[in-house]
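Peer 1:
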Amino acid sequence: MRILVVEDDRKMALLLRDALEKQAHRIVLASTGTDGLDIARSHPFEAIILDAMLPEMDGFSVARFLREAKVATPILMLTALDATKDVVRGLDNGVDDYLTKPFAFAELFARLRALSRRTPTATSLLYQLEDLQLDPLTHNASRSGRPIILTRTEFLLLEFMMKQPHTVLRREAIINAVWGYEETVENNTLDVFMKQLRSKIDGGFENKLIHTVRGFGYRLTSVIHP
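Below, the structure is given as structure tokens:
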């Protein structure tokens, strides 16, 4: 499984990573709530292990924002809080399961297996905005039934935007989602790729979907904004 671990305790994060990798899982680490939210919204995972108490944004808020963004990835929350009200709060915000620290790794593995068994298949997932469609499994894109051939980077750009239609996406958020937090990207790289993507998506169509929001970033929408 490809698993996102959002944990600010460095020692705990590394213990989780090492234990899960020994179980043949692929692990991505995030140490703040905002980083975890950005990564989870822009990259596919089969499970998210989410600490409740995180810097910048707590785990409850991360879970709520993910569900509001229609991210259905199963969430297992780790916390030292074992009060019933905290468990209820997590479940009400979209958490699928709850594990109180300290815990045995055997129990963690068992809960992840249980989450994977009850996770619906993603074969029906299809992003659509007006006549634009994107299949994240096959990487096929089309507009008005016309196939669109995308490079890997163009696909990642379009997927990130289609997950959050009608939303102004900051340049920094797009770059982090597509190229990663550790990559150094030239200032005009995003603009070059966005120009190429716009020519493929909007070329030949009167109704433009990709819009530049000067001073902020880009928006994918069919609605004309002032």
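Count the sequence shown with the UniProt record's numbering and you get residues 1 to 226, in order.
Built from N, CA and C at the ideal position, the CB exists for glycine as well.
Given the structure is predicted, the values throughout are model-derived calculations rather than measurements.
In its own chain, which residues sit with a C-beta less than 7 Å from the C-beta of V71, not counting the 5 before and 5 after it?
Peer 2: By 1-based counting over the sequence shown, the position of residue 71 is 71. Closer than 7 Å at the Cβ level, and outside the excluded window around V71, lie A40 and R41.
Peer 1: For the region 141–157 and the region 104–113, state whether three or more C-beta atom pairs, one from each stretch, are separated by less than 8 Å.
Peer 2: Segments in contact, no.
Peer 1: Measuring CA to CA, which of F160, T34, L220 and P136 is closest to R198?
Peer 2: Here residue 198 corresponds to residue number 198 of the sequence shown, with the count starting at 1. Proximity to R198 across F160, T34, L220 and P136 peaks at L220, based on C-alpha coordinates.
Peer 1: Report the CB separation of R170 from F216 in whole angstroms; it is logged as a contact under 8 Å.
Peer 2: The residue you call residue 170 lines up with position 170 of the sequence shown. The residue you call residue 216 lines up with position 216 of the sequence shown. Between F216 and R170 the Cβ distance is about 6 Å, and since that is below 8 Å, they are a contact.
Peer 1: Report yes or no: do three or more beta-carbon pairs, one from the region 58–65 and one from the region 25–38, lie closer than 8 Å?
Peer 2: Of all C-beta pairs linking the region 58–65 to the region 25–38, three or more are shorter than 8 Å, placing the two stretches in contact.
Peer 1: A13: buried (16+ other C-beta within 10 angstroms of its C-beta) or exposed?
Peer 2: Along the sequence shown, one-based indexing puts residue 13 at 13. It is buried - the Cβ of A13 has at least 16 other Cβ atoms within 10 Å.
Peer 1: Provide the residue span of the alpha helix (DSSP H) that contains A114, from first to last.
Peer 2: Counted from its first residue, the sequence shown places residue 114 at position 114. Start and end: F105 to R117.
Peer 1: When you compare only the Cα positions, how much space is there between T100 and I49?
Peer 2: Here the question's residue 100 lines up with position 100 in the sequence shown. Here the question's residue 49 lines up with position 49 in the sequence shown. Their Cα atoms are separated by approximately 12 Å.
Peer 1: If you draw a straight line from the C-alpha of A80 to the C-alpha of G33, how long is it?
Peer 2: In the sequence shown, counting from the first residue as 1, residue 80 sits at position 80. In the sequence shown, counting from the first residue as 1, residue 33 sits at position 33. One C-alpha to the other measures close to 17 Å.
Peer 1: Under the rule that 16 or more other beta-carbon atoms within 10 Å means buried, what is E7, buried or exposed?
Peer 2: Numbered from its first residue, the sequence shown carries residue 7 at position 7. The residue in question, E7, is buried, as its Cβ has 16 or more Cβ neighbours within 10 Å.
Peer 1: Report the option in E206, D18, Y98 and H211 whose CA atom is closest to the CA atom of D131.
Peer 2: The residue you call residue 131 lines up with position 131 of the sequence shown. The option with the nearest alpha carbon to D131 is E206.
Peer 1: For S21, collect the residues of the same chain with a Cβ closer than 8 Å to its Cβ; drop the 5 residues on either side in sequence, then sort them by chain order.
Peer 2: In the sequence shown, residue 21 corresponds to position 21, counting from 1. Note on residue identity: the sequence assigns Glu, not Ser, to residue 21. Excluding residues within five positions, the ones whose Cβ falls inside 8 Å are I27.
Peer 1: What's the gap between the Cα of L78 and the Cα of T84?
Peer 2: Here residue 78 refers to the residue found at position 78 of the sequence shown. Here residue 84 refers to the residue found at position 84 of the sequence shown. Their Cα atoms are separated by approximately 14 Å.
Peer 1: Just verifying my parser: in three-state terms, what is the DSSP assignment at I27?
Peer 2: Within the sequence shown, numbered from 1, the residue matching residue 27 stands at position 27. If DSSP states are grouped into helix, strand and coil, I27 belongs with the strands.
Peer 1: To the nearest angstrom, how far is the alpha carbon of E182 from that of I175?
Peer 2: For the purposes of this step, residue 182 is taken as residue 182 along the sequence shown, with counting starting at 1. For the purposes of this step, residue 175 is taken as residue 175 along the sequence shown, with counting starting at 1. Model confidence at E182 stands at a pLDDT of 47, short of 50, so the residue's coordinates are unreliable and nothing is read from them.
Peer 1: Give me the DSSP bridge partner(s) of G217.
Peer 2: One-based indexing of the sequence shown puts residue 217 at position 217. DSSP lists R170 and V213 as partners of G217.
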